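*Asks:* Pasting a structure below so you can have a look.
2 protein chains.
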Amino acid sequence: MSQPLSTLLAVDWGTSSLRGARLDAKGRVLEEKSLPRGIQTVAPGEFATVFVAAFGDWARASGSFCLISGMAGSKQGWVEAPYCPCPAGFDEVAARLTWIADTPPGLPDARIAIVPGLNCELPSAVPGLVSIPDVMRGEEVQILGAMQLSGLHDGVFVLPGTHNKWAQVSEGRVTGFRTFMTGEFYALLSRQSILSKTVDPDAPFDEAAFIRGVHQSHEGAGLLHNAFSARTLSLFSRMSASALASYLSGLIIGEEVRAQDLVKGSSVNLIGAPALTQRYAQVLALQGVQSRLFGAEATWAGLFALSRSLTRSTVSV
Amino acid sequence: MSQPLSTLLAVDWGTSSLRGARLDAKGRVLEEKSLPRGIQTVAPGEFATVFVAAFGDWARASGSFCLISGMAGSKQGWVEAPYCPCPAGFDEVAARLTWIADTPPGLPDARIAIVPGLNCELPSAVPGLVSIPDVMRGEEVQILGAMQLSGLHDGVFVLPGTHNKWAQVSEGRVTGFRTFMTGEFYALLSRQSILSKTVDPDAPFDEAAFIRGVHQSHEGAGLLHNAFSARTLSLFSRMSASALASYLSGLIIGEEVRAQDLVKGSSVNLIGAPALTQRYAQVLALQGVQSRLFGAEATWAGLFALSRSLTRSTVSV
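Taken in order, these protein sequences are the chains called A and B.
Numbering of the first sequence is given in our numbering, commencing with residue 1 and proceeding in unit increments.
Numbering of the second sequence is given in our numbering, commencing with residue 1001 and proceeding in unit increments.
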């Protein structure tokens, strides 16, 4: 690949959505697109076809150079991209791209690579079990992007979502991280548990109820107990159905934040949709922890920075 | 009610099952019956009909005296029996029975009472919210029965199940209790979450994996994080699908037990199905806490003891 990379097609292909952006030679977003074609909607063998339908025109306009992050690199994705072990920064991730060998129909010049996720080993509390693995796919690109945007090379990076990641970054490399199933617990409890009879998960955000939930999460008995208070407060008409959803959200996010080893006066970096990162910033502020917020731009910045590191090395497809 | 109570029809009418026993004048079980007719299967207005179909013959043989505990006294049950506030023992519960005013078809002499559940107020961690309620329906009878069977009047009584209860008993009265949604969390995580892709909840119990889960629950980050290890251990083929269910059970029960304020060398009273109480006894033993185990007999003993207290007072229906 001697030809310089002028523009980039950056793609974030997750479980439930497919997002893409066309970036110019300076990384500025020219166009963005989001489709409900997450990998769970794509049959095996159909990824190339879905890719061409979504981005065929852009791929041609971008000189057919494309980087894809997210679950597209999982076993259920387009091509499995083996995890890159921590500690990992730009260099480690860029060195482990998985190139798509068969060009998609109608894109004979396409050079498409899948960015690997990261894996790390966490100390185990189990006698005889040395460590327990943890994994991310897609979040590593957002962390790299947030580093690029902020100039930060050290700190805690938090990515709220269905499976939240709390990552430690040191000297530009992710040294380790933990997943918290916060978003999934909230969905299960508010929509599938006994609480779903009284909680209205589609109610608008109620800040006071949310903060009450965060405070209650500090009660010592933990979420297994506190979650039931969303039932009893309703049984005794002490909280409305519309407030209960925010209360439950506060209980769960409060529990997650309480489990972190955060020092008062420190700061963390939150990456994600503003509606969610602002909630976390609020909970963290209650503990005296400051937050920097990053949005979707972190994904594009991360993929762009990775593409730049490719022009510096020589990549043969 | 001047007529002495000779035999008793004891009924435990829960959410998912309807169980009954005919007891002689000494409280011995003459016959037992269990039907899949929990209150969630009974349409409003149909409770009397279901009762007669299930127990009509026994009701006549028992002199038509019947005590019912459980969710039959809830808002969705036969007749709502208002909660009895803690502290509550035999006398407080017996004084608050709710009698069924309309005798069921074909049972003109029936005297049927519903035993109230208990409610208590727990200290709240929320500024401006004085307390948070907790409730039980049915477990109070099992606790009274276990006290009767053991002669104990003080201690911690634990009732594992979908919504576990940890109750404090002092001088024969339940002074307070906490609900833990342990059984429901296990069902949600093993059957409805991302973990359901790899966990086989119908696999036989794997004690070693269960104990691993209990140990891992002591890792500081809590269940929101630890639950994800059931995913990653499978991703990296470090635990089999059949072991994962027991591991997950250990993670959740371990988390619940860890949240209790238990002193090494103390003992607790476990009431419930042996398969479940034995798991708890195992987890408690790891913390140096001893257990006494009680089974279904506690329900019948509790209802029988309540019926005896009625012969001592004079109850007018």
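Even for Gly, the Cβ is constructed at its ideal location relative to N, Cα and C.
Since this is a predicted model, take the numbers as computed values, not measurements.
Excluding sequence positions up to five away, which residues of its chain have a Cβ less than 6 Å from the Cβ of S1267/B?
*Replies:* Cβ neighbours of S1267/B beyond the five flanking positions: Q1290.
*Asks:* Identify whether D1057/B lies in helix, strand or coil by the three-state DSSP scheme.
*Replies:* D1057/B: helix per DSSP, three-state reduction.
*Asks:* Going along chain B in order, which residues have a C-beta closer than 8 Å to the C-beta of F47/A?
*Replies:* Simply none; closest approach about 20 Å.
*Asks:* Could you spell out where the beta strand (DSSP E) holding A348/A opens and where it closes?
*Replies:* Residue 348/A falls outside the range modelled here, since chain A spans only 1 to 317, and no answer is possible.
*Asks:* So the alpha helix (DSSP H) I211/A belongs to, where does it begin and stop?
*Replies:* I211/A -> alpha helix (DSSP H) spans 207 to 216.
*Asks:* Which runs of the beta strand (DSSP E), 3 residues or longer, sit entirely within the segment 1085 to 1132 of chain B?
*Replies:* List check, beta strand (DSSP E) in window: 1111 to 1114, 1118 to 1123.
*Asks:* Just to make sure I have the definition right: I need the residues of chain B whose C-beta is within less than 7 Å of the C-beta of M147/A. Which are they?
*Replies:* Those do not exist, as M147/A stays about 24 Å from chain B at its closest Cβ, beyond 7 Å.
*Asks:* In chain B, what lies closer than 7 Å to L218/A by C-beta?
*Replies:* Leu is not the amino acid found at residue 218/A; the sequence shown has His there. Those within 7 Å of H218/A in chain B are A1125.
*Asks:* So what does L1008/B bridge to, in DSSP terms?
*Replies:* The partner list for L1008/B (beta bridge, DSSP) reads L1023/B.
*Asks:* Which same chain residues, not among the five before or five after P105/A, have their C-beta less than 8 Å away from its C-beta?
*Replies:* Here the set comprises A48, T49, V52.
*Asks:* On a CA-only basis, which of G183/A, F228/A, R292/A is nearest F1228/B? Give me that one, please.
*Replies:* Taking only the C-alpha atoms, the option nearest F1228/B is G183/A.
*Asks:* Among M71/A, T175/A, V79/A, R212/A, which one has its Cα closest to the Cα of T98/A?
*Replies:* Per the Cα distances, V79/A.
*Asks:* Can the beta-carbon of S1017/B be found closer than 7 Å to that of G1038/B?
*Replies:* Going by C-beta atoms, S1017/B is nearer than 7 Å to G1038/B.
*Asks:* Looking at A88/A and V174/A, is the spacing between their C-beta atoms short of 7 Å?
*Replies:* Going by C-beta atoms, V174/A is nearer than 7 Å to A88/A.
*Asks:* Quick one: which chain A residues come within Cβ less than 9 Å of P1133/B?
*Replies:* Result: S229, T232, L233, L235, F236, R238.
*Asks:* At which residues does the beta strand (DSSP E) containing S1074/B begin and terminate?
*Replies:* Segment: none, S1074/B is in no beta strand (DSSP E) and carries neither H nor E.
*Asks:* Does the segment 271 to 284 of chain A come into contact with the segment 155 to 171 of chain A, if we say contact requires no fewer than three beta-carbon pairs (one atom in each stretch) closer than 8 Å?
*Replies:* Touching, yes.
*Asks:* Determine, using beta carbons only, whether T1015/B comes closer than 7 Å to chain A.
*Replies:* Answer no: the Cβ-Cβ gap between T1015/B and chain A never drops below 7 Å.
*Asks:* My understanding is that T1299/B touches D1012/B, with C-beta atoms under 8 Å, so please give their C-beta distance in whole angstroms.
*Replies:* The Cβ separation is near 5 Å, so the contact holds.
*Asks:* Does chain B have any CB closer than 7 Å to the CB of T181/A?
*Replies:* In the sequence as presented, Thr is not what sits at residue 181/A; that position holds Met. Judged by the 7 Å Cβ criterion, M181/A is in contact with chain B.
*Asks:* Quick one: what does DSSP say Q282/A is sitting in, helix, strand or coil?
*Replies:* In this structure, Q282/A counts as helix in the three-state DSSP scheme.
*Asks:* Please confirm whether A1209/B and A1241/B have their CB atoms less than 7 Å apart.
*Replies:* The answer is no: Cβ separation not under 7 Å.
*Asks:* Distance check for D57/A and V283/A, CA to CA, integer angstroms please.
*Replies:* When rounded, the distance between both Cα atoms is 43 Å.
*Asks:* Let's test the definition: count the other Cβ atoms within 10 Å of the Cβ of F1205/B and tell me whether it reaches 16, buried, or not, exposed.
*Replies:* Burial call: exposed.
*Asks:* Where I211/A and L1251/B are concerned, what is the direct C-alpha to C-alpha distance, given to the nearest angstrom?
*Replies:* If I take the Cα positions, the gap works out to 28 Å.
*Asks:* Can you tell me which of R19/A, P82/A, R60/A, I132/A puts its alpha carbon nearest to the alpha carbon of R1231/B?
*Replies:* When only C-alpha atoms are compared, the closest one is I132/A.
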